[in-house]
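Novice: To convert, note that position 196 of the sequence shown is 528 in this note's numbering; the numbers rise steadily by one, no gaps. This structure is in structure tokens; I'll ask about it shortly.
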Amino acid sequence: MRKLGWEAVEHLPPDVAGEAASTRSVGAWVKAALRGAPKISLTILTLAVLCALFAPWLAPADPIVGNLADSLQPPGSASHLLGTDNQGRDLLSRIIYGARISVTVGVLAVFVAGGVGTIMAVLSGVYKGWVDVVLMRITDAFLALPFLMIAVTVVSLLGPSLLNVILVIGLLRWMGYARVLRGEVLRLMEMDFVRLALVAGASRWRIILRHILPNLINTLLVLGTLELGVAVIAEAGLSFLGLGVPRPLPSWGTMLAESQQYFYIAWWLPVIPGVAITLLVMASNLTGDWLRDRTDPTRRQL
């Protein structure tokens with residue numbers, strides 16, 4: 333069916349023409365929002381990384397030491413832009429330092445998970461046979477485990493610390509990398525340049541280092557960006573339960589836990605950390621989707 337232009341819309345009945353114009357304006361608004369989403373998400377991720385790197389210089393006050401005389405001040409004052417908590421600690425400073433915790437845990441957990449998943453996928457896809465069968469059954473076994481329940485149990489046994497949180501999240505989230513990357517490795521092993529390298533006598537390790545790993549970078553980047561949001565939520569959940577970063581270090585999950593009893597008298601205490609978590613997770617997901625579309629020619633044509 334041929335699309336109606338604006339000349340044709342002008343000759344339609346007023347109610348139909350108005351509906352068509354409204355639909356067109358809504359569609360244009362949605363397209364504009366989708367085009368701007370990657371820029372917004374990248375900006376949020378950049379701000380989070382900057383907060384993580386330069387927290388001591390960006391925070392206007394000490395995030396741990398407060399003044400009880402300034403407790404529960406609402407947002408908007410010149411001295412405390414986002415208000416203060418029940419101990420008079422500056423909320424903006426705690427949000428900035430909390431970003432350092434979230435970004436550190438998220439990035440390092442992604443590196444751990446990506447490293448383990450890549451090793452499993454490469455060994456499985458290159459050597460195939462019984463190696464593939466054994467490694468994929470191990471992957472299936474880990475996939476069957478409830479992630480948060482196991483994470484809570486392991487951290488409870490090991491004790492709350494930044495290192496334990498990173499290792500637990502990373503070592504329980506590698507299976508998705510292994511599954512996706514294994515398919516990529518199998519596809520690459522059937523490519524002509526890999527077959528020619530095998531015929532020429534190249535060792536499997538040379539093929540892995542020279543031809544396989546470089547071609548997995550785009551997929552790893554997409555998966556890592558998407559998994560960053562999962563790691564941030566997992567860290568916030570563990571901290572909320574008192575199993576994350578030890579207090580008094582500021583974590584967004586810890587801030588949510590401490591603010592429960594003040595919800596009705598100090599709304600900003602739970603809302604601001606919750607918004608920070610939501611924005612960072614949404615930004616990582618949107619950026620991952622955008623990277624996937626940019627690196628996948630078939631999706632780019634849709």
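Ideal placement from N, C-alpha and C gives every residue a C-beta, glycine not left out. In this text the structure is predicted, and so the values were computed from the model without any measurement.
(1) Is it true that the CB of V435 sits closer than 8 Å to the CB of R536?
(2) Could you pull out every residue in the same chain whose Cβ sits closer than 6 Å to the Cβ of P605, ignoring the five residues on either side in sequence?
(3) May I ask you to list the residues that DSSP assigns as paired with T416?
(4) Hey, would you say the C-beta of D472 is under 7 Å away from at least one heavy atom of the ligand GDP?
(5) Helix, strand or coil: which one does DSSP assign to V358?
(6) Let's see if you can read the secondary structure: which residues bound the alpha helix (DSSP H) around V572?
(7) Looking only at C-alpha atoms, which of Y429, L504, A441, A453 sits nearest to L518?
(8) Determine the DSSP secondary structure at W506, reduced to helix, strand or coil.
(9) Quick check: what's the CA-CA separation for L575 versus V484?
(10) Report all residues from its chain with a CB closer than 8 Å to the CB of A369; omit the five preceding and five following residues, and keep chain order.
(11) Can you tell me the Cα-Cα spacing of A410 and R426, whole angstroms?
(12) Mind checking which residues open and close the alpha helix (DSSP H) that includes I539?
(13) My assumption, with CB atoms under 8 Å, is that V437 sits in contact with V497. Please give the rounded CB distance.
(14) Between the segment 527-535 and the segment 387-403, do at least 3 Cβ pairs fall closer than 8 Å?
(15) Give the DSSP-derived three-state secondary structure of S411 in the structure shown.
(16) Output the distance between the C-alpha atoms of I544 and A431, rounded to the nearest integer angstrom.
(17) Just to check my reading of the structure: E505 and E567 have Cβ atoms closer than 8 Å, yes? What is that Cβ distance to the nearest angstrom?
(18) Taking the Cβ atom as the reference point for each residue, do V564 and L503 lie within a distance shorter than 8 Å?
(19) Does the contact criterion of 3 or more C-beta pairs under 8 Å hold for the segment 477-492 versus the segment 540-556?
(20) Report the option in G515, V487, R421, M481 whose CA atom is closest to the CA atom of L455.
(21) Given T627, which residues of its chain have a CB within under 8 Å of its CB, disregarding the five upstream and five downstream residues?
(22) If contacts are defined as beta-carbon pairs under 8 Å, then A615 and L377 qualify, I think. What distance do you get, rounded to the angstrom?
(23) What is the rounded straight-line gap between the Cα of Y594 and the Cα of A387?
(24) To the nearest angstrom, how far is the alpha carbon of L390 from that of N547?
Specialist: This is what the structure gives:
(1) Position 204 of the sequence shown, counting from 1, holds the residue named residue 536. Position 103 of the sequence shown, counting from 1, holds the residue named residue 435. It is not a contact, given that the beta carbons lie outside the stated cut-off.
(2) Walking along the sequence shown from the start, residue 605 turns up at place 273. W584, M587, L588.
(3) If you number the sequence shown from 1, residue 416 lands on position 84. T416 pairs with D422.
(4) In the structure on display, the ligand GDP does not appear, and there are no ligands present to speak of.
(5) Start at 1 with the first residue of the sequence shown, and residue 358 comes out as number 26. Residue placement at V358 cannot be trusted, given a pLDDT of 47 that sits under 50; what the coordinates show is reported in the next sentence. Here V358 sits in helix by DSSP.
(6) The sequence position of residue 572 within the sequence shown is 240, counting from 1. The sequence given here has Phe at residue 572, not Val. That run of the alpha helix (DSSP H) goes 549-572.
(7) Against the sequence shown, residue 518 aligns to sequence position 186. When only C-alpha atoms are compared, the closest one is A453.
(8) For this step, residue 506 is matched to residue 174 along the sequence shown. In this structure, W506 counts as coil in the three-state DSSP scheme.
(9) Taking the first residue of the sequence shown as 1, we reach residue 575 at position 243. Taking the first residue of the sequence shown as 1, we reach residue 484 at position 152. Approximately 7 Å between the Cα atoms of the pair.
(10) What you label residue 369 is simply residue 37 of the sequence shown in a count that begins at 1. Hits under 8 Å: L618, W622.
(11) On the sequence shown, position 78 is the one that residue 410 refers to. On the sequence shown, position 94 is the one that residue 426 refers to. The alpha-carbon atoms of A410 and R426 are separated by roughly 16 Å.
(12) Residue mapping note: residue 539 aligns to position 207 of the sequence shown, counting from 1. Here the alpha helix (DSSP H) through I539 covers 536-539.
(13) By one-based count along the sequence shown, residue 437 stands at place 105. By one-based count along the sequence shown, residue 497 stands at place 165. Between V497 and V437 the Cβ distance is about 6 Å, and since that is below 8 Å, they are a contact.
(14) Verdict: no, contact absent.
(15) Working through the sequence shown from its first residue, we reach residue 411 at position 79. Looking at S411 - three-state DSSP - the assignment turns out to be coil, as it is neither helix nor strand.
(16) Residue mapping note: residue 544 aligns to position 212 of the sequence shown, counting from 1. Residue mapping note: residue 431 aligns to position 99 of the sequence shown, counting from 1. Distance between the alpha carbons of I544 and A431 is about 35 Å.
(17) Here residue 505 refers to the residue found at position 173 when the sequence shown is read from its first residue. Here residue 567 refers to the residue found at position 235 when the sequence shown is read from its first residue. Per the sequence shown, residue 505 should be read as Arg rather than Glu. That pair is no contact at about 12 Å.
(18) Mapped onto the sequence shown, residue 564 falls at position 232. Mapped onto the sequence shown, residue 503 falls at position 171. Contact flag unset, no.
(19) Too few Cβ pairs lie closer than 8 Å, so no.
(20) Taking the sequence shown and counting its residues from 1, the one referred to as residue 455 is at position 123. Comparing Cα-Cα distances from L455 to each of G515, V487, R421, M481, the minimum goes to G515.
(21) On the sequence shown, residue 627 is found 295 positions in, with the first residue counted as 1. Contacts found: N550, T551, L553, V554.
(22) Indexing the sequence shown from 1 puts residue 615 at position 283. Indexing the sequence shown from 1 puts residue 377 at position 45. Contact flag correct, Cβ pair sits at about 5 Å.
(23) What you label residue 594 is simply residue 262 of the sequence shown in a count that begins at 1. What you label residue 387 is simply residue 55 of the sequence shown in a count that begins at 1. If I take the Cα positions, the gap works out to 26 Å.
(24) Counting from one through the sequence shown, the residue named residue 390 turns up at place 58. Counting from one through the sequence shown, the residue named residue 547 turns up at place 215. Taking the straight line joining both Cα atoms gives about 38 Å.
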